[in-house]
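Novice:
In this note's numbering, the protein residues as written are 3 to 207.
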């Protein structure tokens, strides 16, 4: 009998939570083998990076790699609402840290007047450092930037691959919560594309 008395909103919230436990499905990514017919190694490397750029230039990555001090949000990459600022540590300003709203996990909103369906969350929720800003750049410019340890968090190519293929905050891009389009493919596919790009010389478009 108690089940019948639970509010419908709670059932909706539980359904959303269960859905969140499984990676959401975004557009597909081609496997590295799809580029094997490009015989020129450098040309194949550039084509592989352009495939990886489907993830990198998508809203799940770009919203947290802005060129300014305000995060973006939504599939249309609009400026974050409510008003929010980067802060010195890239996680907000005193009295308005990211963690005030963004908890360790996505938080589904099953009722109310909010225009969005969930609040994204991760224990490390923050903006990328300003030297890692990608907004407004071409895939070629981003490619050269992420190979530069001075602008990629001090990573060589092996650590760069480790970051994109296994980092849990990067993984959020494929589990972004209700109301958001996941990044293309899967993190495993993305890691394979990046590794193939590295193996072919890490050439830039």
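Note that CB positions come from ideal geometry on N, CA and C, so glycine has one too.
DSSP has residue 81 in a bridge; who is on the other side?
Specialist: Answer by DSSP bridge pairing, in chain order: 74.
Novice: Could you name the residues that DSSP lists as bridge partners for residue 121?
Specialist: BP columns for residue 121 point to 109.
Novice: Whole angstroms are fine: how far does the CA of residue 128 sit from the CA of residue 169?
Specialist: Whole-angstrom Cα-Cα distance: 14 Å.
Novice: Residues in its own chain within less than 6 Å of residue 139 by CB, not counting five upstream and five downstream?
Specialist: Contacts found: none.
Novice: Residue 156 by DSSP, collapsed to three states: which one?
Specialist: Correct three-state label for residue 156: coil.
Novice: Which residues does DSSP pair with residue 94 in a beta bridge?
Specialist: In the DSSP output, where bridge partners are listed per residue, residue 94 has 99.
Novice: Would residue 38 be called buried (16 or more neighbouring beta carbons within 10 Å of its own) or exposed?
Specialist: Per the 10 Å Cβ criterion, exposed.
Novice: DSSP three-state label for residue 40, please.
Specialist: Looking at residue 40 - three-state DSSP - the assignment turns out to be coil, as it is neither helix nor strand.
Novice: Look at the alpha carbon of residue 82 and the alpha carbon of residue 111, and state the distance between them as a whole number of angstroms.
Specialist: Distance between the alpha carbons of residue 82 and residue 111 is about 18 Å.
Novice: Check whether the stretch 157 to 171 and the stretch 189 to 207 touch, using three or more Cβ-Cβ pairs below 8 Å as the test.
Specialist: Verdict: yes, contact present.
Novice: Hey, residue 58 and residue 49: beta-carbon distance below 8 Å or not?
Specialist: Their beta carbons are not under 8 Å apart, which means residue 58 does not touch residue 49 by this criterion.
Novice: Look at the Cβ atom of residue 91, then the Cβ atom of residue 73, and state whether they are nearer than 8 Å.
Specialist: Against a cut-off of 8 Å, the Cβ pair of residue 73 and residue 91 comes out as no contact.
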